[in-house]
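S.K.: This structure is in structure tokens; I'll ask about it shortly.
Number of protein chains: 2
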Amino acid sequence: MAIPKEFFSPESVAIIGASRHPGKIGHEILWNFARGFYKGKVFPINPSSERILGLPSYKSVLNVKEKIDLAIIAVRAEIVPNILKECIRKKIPAVVIVSGGFSELGPAGKLLEAELQKIVAGTNTRVIGPNCVGVFDAKTSVDTLFLSKSRLLRPPVGNISFISQSGAVGTTILDWLAESGIGISKFISYGNQADVDETDLLEYLANDRDTTVIAAYIEGLKDGKKFMRIAKKVAKKKPVIFLKAGKTKQGSQAASSHTGSLAGSAEIYSGAFKQIGILEASNWEELFDFAKVFSGQPMPSGNKLIIITDGGGFGVLAADEAEKQKFMLPMPSAKLKSKFKNFPSYASLKNPIDLTGDADAERYKIAVEECLKSIEFDAALVILLFQVPTLEKSIDDVIINLSRKYKKPLVACAAGSHYTQKLARKLEEHGIPVYPTPERAVKAIKAMLGFKK
Amino acid sequence: MAIPKEFFSPESVAIIGASRHPGKIGHEILWNFARGFYKGKVFPINPSSERILGLPSYKSVLNVKEKIDLAIIAVRAEIVPNILKECIRKKIPAVVIVSGGFSELGPAGKLLEAELQKIVAGTNTRVIGPNCVGVFDAKTSVDTLFLSKSRLLRPPVGNISFISQSGAVGTTILDWLAESGIGISKFISYGNQADVDETDLLEYLANDRDTTVIAAYIEGLKDGKKFMRIAKKVAKKKPVIFLKAGKTKQGSQAASSHTGSLAGSAEIYSGAFKQIGILEASNWEELFDFAKVFSGQPMPSGNKLIIITDGGGFGVLAADEAEKQKFMLPMPSAKLKSKFKNFPSYASLKNPIDLTGDADAERYKIAVEECLKSIEFDAALVILLFQVPTLEKSIDDVIINLSRKYKKPLVACAAGSHYTQKLARKLEEHGIPVYPTPERAVKAIKAMLGFKK
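Protein sequences appear in the order of chains Y and C.
Mapping of the first sequence onto the working numbering: residues 1 to 453, in sequence order.
Mapping of the second sequence onto the working numbering: residues 1001 to 1453, in sequence order.
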């Protein structure tokens, strides 16, 4: 049975274990729905039946007369089975179990989790979790994350969807995306996958119009054969990027204590991902780096890269990485160089093009536009040392306009503190990914090339 | 001839090419000395002889009656030779030539640079540059960087010294360090090294009491034999970390256009560094990552690592990287685990120790303290998902106090936006390096282990 849309766009939500005490998980989640931008009905469920955050609360979902689309369970593990039974009796299509204390704890927890599986099997209810932080949907403001917005920012609406077996790994990526002004469609932390697994989520996201790129952090696959069958189809429709954790012996042991996953052999996973057409990130930073390049930029049609910089050393580092990643760095032709005849004599018109430390927005405009326009290059890496005194803040608009005008991938590199980050954020808000190092920028363009069909 | 101390602690400075126009290089540099915390005398040198930033200016250094310790030359390349002759006649011991337009431009520029070398040879003047941003000394406020403080922050006083052939690569690391609250002793961007080269600088820093770790970005060595002879001695005294750029064919071509360097073979360089005892960073981020771990933490006495986390996924990623880096992750003994008897049953007392998403500062205190105290571990990686609702801000003080109390290396990992960064900054100000990913944190500890004598 496919995942119901009620996980992401429920008309009504019950928070079971809703609490009046700030800092408690059941309080933070209720706050998100009651005080955020969520537009549907909200039912706090709590044995004391008090009003919480101004809303009447109920002893059980069975006491709520109206229909409930989504239930979020945040109570101690032992009573989850009974609560889940009530949700099923209430015919709630979507249930998120945030509570931990299941298979990640060993044999006793595994038994409790098996009980959940038995309860839900054959019903019309689907369960995400247990041992997860659940769902965030930027469009509908469904937000089961128990991390308060004062500590963890939420990203704006965008086209990346992200599934994560780990709540911590997942939510910190949300925090990073939000800080960069990069949008997200759906985020799902799915924990121990007692019912809904990564493959169900992939399948849902493949058919989701708001999602154009799927990123995933996984520790172990629940059903390898099912995954292979479905993921092949998904990867044909949209870019899919996976970070597989627990690839070493010690990492695999840690995964077993974390989400009860059998992590399996690194080689088998990597081989399977390659066969399916899934792009594998080699570390956590890369998962983030790759997701954002697919989110905002068109695919390159070849591997001829132009590097444009105002800092020579960055150009050298970028050229080193470009060669490692097997890019071609063709020299600009005489015809192309003739467009740069007004540049100062000390500018270097090779590849990288070094506009040098007194570059201004106009010099960048000419260099970037002529290179994007030319058939000599398939993609551009624009390194912006924003700190040089001659570079006006209007450089952002120049780059944004050129990126819109030409249908070639443009990736930026900019490193620095508050001044740089402010200008970088504006670029990212407009779909131009910005990386803090030349190496990471080159690898991101390479990721797109790897996905080219 | 050794480098004179006047590059770093001059009693008087002349800025040749000082300008009244904000945005001009000669203005920005003068501003740093005239309006910053520099305590010595400042002489603007400018043919128009006007007052600039309230200071009387002079047509030439020869018109200044008092002694001049340091001259900074920021005029167009063609007139640099004559200006340099005047500096020598004035017996100025230290000269920084910021101007570009020399060997990085090819044959004509090489001739001009050779002229500089001829002028300075056999004199009592030493020259840094040309084609560089020069010197920053946090203690004396010598600051020849032409990037304004509103765009590029300056770090506080610390014990890292950093030499860089590239101005852009160097200054952005200053910007990062400043943002993190990490201090620096001396920064030198040395450009085309017409006179002073990386070996001279290494030798100076080896004897500098304010420097405990040396980081370097280099494109090409000027004199390989001299370097081998001196660097061997330096690396015995202090940790030295190198990032070698221009290691590929295309990167090497870029380096030649940038600082006129012959970059040479990657294997030869790596082999030499290893022989000397220099730690090689494999990318730019690592140079920064490694410098800060040596700056604040003692060396580990062995490879037994404990990972402590409140986010399971981070623990898995850290364990994966620890195994790749050949760390041992011993399980805590029964005796050690008995200290954690008050932890909740769902906490995982293996390695990683997972304090889980409801950890508080007290739980961290017990776990970190008992592990640092125990002979079972040589180093601790403390992963702090600051965003969880139960973790108080006082966690910073807990970690800072424990790091001071026990003489074992403690490295932190924390990822997130403003809330996380604020707490991370406080740790870094107190010498505890914080990395945004578990992988980078593990590699930093490994770097120290690699340096162990």
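C-beta: ideal position from N, C-alpha, C; glycine also.
Just so you know, these numbers come straight off a predicted model, no measurement behind them.
(1) Just to check my reading of the structure: G158 (chain Y) and A138 (chain Y) have Cβ atoms closer than 8 angstroms, yes? What is that Cβ distance to the nearest angstrom?
(2) How far does the alpha helix (DSSP H) with Y1346 (chain C) in it extend, from its first residue to its last?
(3) Of the residues Y:F377, Y:F33, Y:S164, which one's Cα is nearest the Cα of M331 (chain Y)?
(4) When the cut-off is 9 angstroms and only beta carbons count, does D1175 (chain C) lie next to chain Y?
(5) With respect to the beta strand (DSSP E) encompassing K324 (chain Y), which residues constitute its N-terminal and C-terminal limits?
(6) Which class does T1144 (chain C) belong to by DSSP, given the choice of helix, strand or coil?
(7) Where are the alpha helix (DSSP H) runs, 4 residues long or more, that stay fully inside the region 380-444 of chain Y, in chain order?
(8) Output needed for L355 (chain Y): all residues of its chain with C-beta closer than 8 angstroms, excluding positions within five of it in sequence on either side, in chain order.
(9) By the DSSP assignment, the alpha helix (DSSP H) with L1112 (chain C) in it spans what residues?
(10) Mind listing which residues of the region 382-397 of chain Y have their C-beta closer than 8 angstroms to chain C's C-betas, in chain order?
(11) DSSP three-state call for N159 (chain Y): helix, strand or coil?
(12) Name the residue from C:E1370, C:K1247, C:L1221, C:F1007 whose alpha carbon lies nearest to the alpha carbon of K1337 (chain C).
(13) Give me the chain Y residues within the contact set of V1169 (chain C), using Cβ-Cβ distance strictly less than 8 angstroms, ordered along the chain.
(14) Does the beta carbon of Y38 (chain Y) sit closer than 9 angstroms to a beta carbon anywhere in chain C?
(15) Please return the same chain residues whose Cβ sits closer than 7 angstroms to the Cβ of V75 (chain Y), not counting the five positions on each side in sequence.
(16) Quick check on the burial criterion: 16 or more other C-beta atoms within 10 angstroms. Buried or exposed for S301 (chain Y)?
(17) Could you pull the start and end residues of the alpha helix (DSSP H) that K1232 (chain C) belongs to?
(18) Can you tell me where the alpha helix (DSSP H) with Y1364 (chain C) in it begins and where it stops?
(19) One question on the structure: do I395 (chain Y) and L410 (chain Y) come within less than 9 angstroms of each other, judged by their Cβ atoms?
(20) Checking 9 angstroms against the spacing of the C-beta atoms, do V61 (chain Y) and K41 (chain Y) come in under that value?
(21) Output, in chain order, the set of chain C residues within a Cβ distance shorter than 7 angstroms of N283 (chain Y).
(22) If distances are taken between C-alpha atoms only, which option among Y:L384, Y:K274, Y:T437 comes closest to G450 (chain Y)?
(23) Should H418 (chain Y) go down as buried or exposed, given a rule of 16 or more other Cβ atoms within 10 Å for buried?
(24) With 16 as the cutoff for other CB atoms within 10 Å, does N1046 (chain C) come out buried or exposed?
(25) So the beta strand (DSSP E) Y217 (chain Y) belongs to, where does it begin and stop?
(26) Quick check on DSSP: helix, strand or coil for T125 (chain Y)?
(27) Going along chain Y, which residues have a C-beta under 7 angstroms from D1354 (chain C)?
(28) Give me the residue from C:I1160, C:L1279, C:D1175 with the minimum Cα distance to K1443 (chain C).
(29) Step through the CB atoms of chain C and report whether any lies within less than 9 angstroms of the CB of E104 (chain Y).
(30) Please check if any C-beta of chain C sits within less than 9 angstroms of the C-beta of F33 (chain Y).
(31) Could you name the residues of the same chain whose beta carbon sits closer than 8 angstroms to that of K1237 (chain C), not counting the 5 residues immediately before and after it, in chain order?
(32) Which residues, in chain order, does the region 1143-1166 of chain C contribute to contact with chain Y at a C-beta distance below 9 angstroms?
(33) Under 7 angstroms between beta-carbons, which chain Y residues line up against Q1250 (chain C)? List them in chain order, please.
(34) So, with DSSP's three-state summary, where would you put L1305 (chain C)?
(35) Short of 6 angstroms in beta carbon distance, which residues of its chain neighbour S161 (chain Y), apart from the five on each side in sequence? Order them along the chain.
(36) So what's Y1038 (chain C) in DSSP terms, helix, strand or just coil?
M.R.: In short, the structure shows the following:
(1) Indexing the first sequence from 1 puts residue 158 (chain Y) at position 158. Indexing the first sequence from 1 puts residue 138 (chain Y) at position 138. Rounded, the Cβ-Cβ distance is 7 angstroms, consistent with contact.
(2) Translated into the one-based positions of the second sequence, residue 1346 (chain C) becomes position 346. Per DSSP, Y1346 (chain C) belongs to no alpha helix (DSSP H) and is neither H nor E.
(3) Your numbering for residue 331 (chain Y) matches position 331 in the first sequence. If we check each option's Cα against that of M331 (chain Y), Y:F377 comes out closest.
(4) Position 175 of the second sequence holds residue 1175 (chain C). So, interface residue.
(5) Along the first sequence, read from residue 1 onward, the residue named residue 324 (chain Y) stands at position 324. That residue, K324 (chain Y), is in no beta strand (DSSP E); its alpha helix (DSSP H) goes 312-324.
(6) Residue mapping note: residue 1144 (chain C) aligns to position 144 of the second sequence, counting from 1. Coil at T1144 (chain C), not helix or strand.
(7) 395-405, 418-429
(8) Taking the first residue of the first sequence as 1, we reach residue 355 (chain Y) at position 355. Result list for L355 (chain Y): I308, T309, D310, F343, A347, R363, Y364, A367, in chain order.
(9) Position 112 of the second sequence, counted from the start, is the residue given in the question as residue 1112 (chain C). Counting along the chain, the alpha helix (DSSP H) containing L1112 (chain C) begins and ends at 1107-1120.
(10) L385, F386, Q387, V388, P389, T390
(11) Against the first sequence, residue 159 (chain Y) aligns to sequence position 159. Strand, per DSSP.
(12) As a first step, residue 1337 (chain C) must be located in the second sequence, where it is residue number 337. Comparing Cα-Cα distances from K1337 (chain C) to each of C:E1370, C:K1247, C:L1221, C:F1007, the minimum goes to C:E1370.
(13) As a working mapping, residue 1169 (chain C) is identified with position 169 in the second sequence. Residues of chain Y passing the Cβ test: G311, G313, F314, L317.
(14) Within the first sequence, the letter at position 38 stands for residue 38 (chain Y). No, its Cβ sits nowhere closer than 9 angstroms to a Cβ of chain C.
(15) The residue given as residue 75 (chain Y) occupies position 75 in the first sequence. Around V75 (chain Y): I16, G17, I83, S99.
(16) For the purposes of this step, residue 301 (chain Y) is taken as the residue at position 301 of the first sequence. Per the 10 Å Cβ criterion, exposed.
(17) For the purposes of this step, residue 1232 (chain C) is taken as residue 232 along the second sequence, with counting starting at 1. 1224-1237 is the span of the alpha helix (DSSP H), which, as asked, contains K1232 (chain C).
(18) Counting from 1 along the second sequence, the entry for residue 1364 (chain C) is found at position 364. 1361-1373 is the span of the alpha helix (DSSP H), which, as asked, contains Y1364 (chain C).
(19) In the first sequence, residue 395 (chain Y) corresponds to position 395, counting from 1. In the first sequence, residue 410 (chain Y) corresponds to position 410, counting from 1. Their beta carbons are not under 9 angstroms apart, which means I395 (chain Y) does not touch L410 (chain Y) by this criterion.
(20) Here residue 61 (chain Y) refers to the residue found at position 61 when the first sequence is read from its first residue. Here residue 41 (chain Y) refers to the residue found at position 41 when the first sequence is read from its first residue. Going by C-beta atoms, V61 (chain Y) is not nearer than 9 angstroms to K41 (chain Y).
(21) Within the first sequence, the letter at position 283 stands for residue 283 (chain Y). Chain C residues near N283 (chain Y): T1437, E1439.
(22) Within the first sequence, the letter at position 450 stands for residue 450 (chain Y). Nearest option by C-alpha distance: Y:K274.
(23) Translated into the one-based positions of the first sequence, residue 418 (chain Y) becomes position 418. With fewer than 16 other Cβ atoms within 10 Å, it is exposed.
(24) Here residue 1046 (chain C) refers to the residue found at position 46 when the second sequence is read from its first residue. Result: buried.
(25) Here residue 217 (chain Y) corresponds to residue number 217 of the first sequence, with the count starting at 1. Its beta strand (DSSP E) spans residues 213-218.
(26) By 1-based counting over the first sequence, the position of residue 125 (chain Y) is 125. T125 (chain Y): coil per DSSP, three-state reduction.
(27) Residue mapping note: residue 1354 (chain C) aligns to position 354 of the second sequence, counting from 1. The answer, in chain order, is S257, H258.
(28) Numbered from its first residue, the second sequence carries residue 1443 (chain C) at position 443. With distances taken between Cα atoms, K1443 (chain C) lies closest to C:L1279.
(29) As a first step, residue 104 (chain Y) must be located in the first sequence, where it is residue number 104. Yes, because at least one Cβ of chain C sits closer than 9 angstroms to the Cβ of E104 (chain Y).
(30) If you number the first sequence from 1, residue 33 (chain Y) lands on position 33. So, not an interface residue.
(31) Residue mapping note: residue 1237 (chain C) aligns to position 237 of the second sequence, counting from 1. For K1237 (chain C), where only same-chain residues beyond five positions count, the Cβ hits under 8 angstroms are A1206.
(32) F1146, L1147, S1148, S1150, R1151, L1152, L1153, S1164, Q1165, S1166
(33) As a first step, residue 1250 (chain C) must be located in the second sequence, where it is residue number 250. Neighbours of Q1250 (chain C) on chain Y, chain order: A319, A322, E323, L329.
(34) Working through the second sequence from its first residue, we reach residue 1305 (chain C) at position 305. It is a strand residue.
(35) The residue you call residue 161 (chain Y) lines up with position 161 of the first sequence. Same-chain partners within the cutoff: S185, K186, L205, T211, I214.
(36) In the second sequence, counting from the first residue as 1, residue 1038 (chain C) sits at position 38. The answer is coil: DSSP assigns Y1038 (chain C) none of H, G, I, E or B.
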